[in-house]
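In the numbering used here, the protein residues as written are 1 to 348.
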Ligand SMILES: [Zn+2]
């Protein structure tokens, strides 16, 4: 089959259209003909060799999977050929206490698509049956590809961990990104107040259309004071922290007593120094999260279907141009989501 793959870790131009081995399914797996996938920051880390995982070269990046079941293994019970499905990009061992309680994201030995298996920048991909989810029929495959990883992560952060309510104020750092733009949309749909940070005037204009209550400049020294003033000195209930590094201290300063910082990214650094006394005297909480479990993905998609939550789309692109979009994302020129059309590979 054809795939967008790389033979050595490196810059965007290592990505090439290649002929690679067809995936061979085991009894408990299905083969999916991929219709769409999307660009995520993780793909850049995988390609450049900075992601933690187990890789054999040539390697295929890509985590989001939307497509049609082409073939099922002999022990697959609940899905049949021809069904349109999405797949959770993460799977657990199925044996530990976290897996047994439905919390695969916390599995002691979790694995991820493109980190421990070949990714979805391909004509076909194989996944375990337990990773499959039947999406609401009205959502397009393009929208689904944009949603699985980013929007489900936002859902878990804001709804499961944040207990989002209409009387809350949510701070979204990096609001113009794939995760951030979904966070603004989801929090607004709950009628919560939303403060969004952006890094450029161009992105400010884009994010303004999503209706946040306040927009601050990510790189401004005044951002923390503007946020505190906006909340009349009280602070916000939830901070979505995608930057970490030195920004974590800003997040702590803008939090209401008892408030939560939910960390799911380290774009500004993996090490942070915090004022611990300030932290415990205000009863603050820092929670970590990555991905979402199958139930959360399903609930997130059903909510999107009922409440018309759509991705902020930068482009729907031929996957053969993946290298170009990797470069744009590295240069921080992309807002929202780039969704790839994998069917172009079938035509090659
Ligand atoms: Zn487990």
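Note that beta-carbon positions come from the ideal geometry of N, C-alpha and C, so glycine has one too.
Can you give me the Cβ contacts of residue i inside the same chain, cut-off strictly under 7 Å, excluding the 5 residues immediately before and after it?
| i | result |
| --- | --- |
| residue 268 | 243, 244, 245, 246 and 247 |
Residue i and residue j look like a contact to me (Cβ under 8 Å); what is the Cβ gap, rounded to whole Å?
| i | j | result |
| --- | --- | --- |
| residue 158 | residue 309 | Not a contact, Cβ separation roughly 12 Å. |
| residue 130 | residue 25 | Rounded, the Cβ-Cβ distance is 14 Å, inconsistent with contact. |
| residue 350 | residue 290 | Because the chain in this structure spans residues 1 to 348, residue 350 falls outside the shown range and cannot be described. |
| residue 70 | residue 342 | In fact, because the Cβ distance is near 13 Å, the residues do not count as touching under 8 Å. |
| residue 195 | residue 164 | Actually they do not touch by this definition, with Cβ atoms about 14 Å apart. |
| residue 121 | residue 62 | 4 Å |
| residue 31 | residue 23 | 6 Å |
To the nearest angstrom, report how far apart residue i and residue j are at their CA atoms.
| i | j | result |
| --- | --- | --- |
| residue 97 | residue 107 | 8 Å |
| residue 166 | residue 154 | 16 Å |
| residue 77 | residue 230 | 54 Å |
| residue 84 | residue 73 | 17 Å |
| residue 182 | residue 144 | 13 Å |
| residue 162 | residue 306 | 21 Å |
| residue 200 | residue 211 | 17 Å |
| residue 193 | residue 256 | 14 Å |
| residue 208 | residue 284 | 30 Å |
| residue 223 | residue 90 | 35 Å |
| residue 21 | residue 323 | 21 Å |
| residue 259 | residue 191 | 18 Å |
| residue 292 | residue 99 | 13 Å |
| residue 10 | residue 42 | 14 Å |
Grab me the residues of residue i's own chain with a C-beta within less than 6 Å of its C-beta, minus the 5 sequence neighbours each way, in chain order.
| i | result |
| --- | --- |
| residue 277 | none |
| residue 133 | 86, 294, 297 and 298 |
| residue 261 | 239, 241, 251 and 286 |
| residue 141 | 35, 36 and 66 |
| residue 180 | 172 and 174 |
| residue 203 | 176 and 335 |
| residue 75 | 27 and 28 |
| residue 146 | 38, 311, 337 and 339 |
Could you pull the start and end residues of the beta strand (DSSP E) that residue i belongs to?
| i | result |
| --- | --- |
| residue 258 | 255-263 |
| residue 138 | Run containing residue 138: none; DSSP gives neither H nor E here. |
| residue 219 | No beta strand (DSSP E) holds residue 219; DSSP gives it neither H nor E. |
| residue 329 | Per DSSP, residue 329 belongs to no beta strand (DSSP E); it is in the alpha helix (DSSP H), 322-330. |
| residue 117 | Counting along the chain, residue 117 falls outside any beta strand (DSSP E), and DSSP gives it neither H nor E. |
| residue 163 | First-last for residue 163: undefined, no H or E at that position. |
| residue 18 | 16-19 |
| residue 67 | 66-72 |
Out of the options, which has the shortest C-alpha to C-alpha gap to residue i?
| i | options | result |
| --- | --- | --- |
| residue 8 | 63, 50 and 176 | 50 |
| residue 301 | 28, 79, 137 and 45 | 137 |
| residue 115 | 64, 20, 139 and 147 | 64 |
| residue 218 | 281, 188 and 198 | 198 |
| residue 279 | 253, 292, 188 and 43 | 253 |
| residue 206 | 184, 227 and 331 | 184 |
Excluding the 5 residues flanking residue i on each side, which residues of the same chain have their C-beta closer than 8 Å to its C-beta?
| i | result |
| --- | --- |
| residue 314 | 334, 335, 336, 337 and 338 |
| residue 270 | 244 and 245 |
| residue 249 | 272, 273, 274 and 275 |
Would you say the beta carbon of residue i is closer than 7 Å to some non-hydrogen atom of ligand 2?
| i | result |
| --- | --- |
| residue 90 | As presented, the structure is devoid of ligand 2, carrying ligand 1 as its sole ligands. |
Could you spell out where the alpha helix (DSSP H) holding residue i opens and where it closes?
| i | result |
| --- | --- |
| residue 5 | Taken as a continuous stretch (DSSP letters only), residue 5 belongs to no alpha helix (DSSP H), being part of the beta strand (DSSP E) at 2-5. |
| residue 150 | 150-155 |
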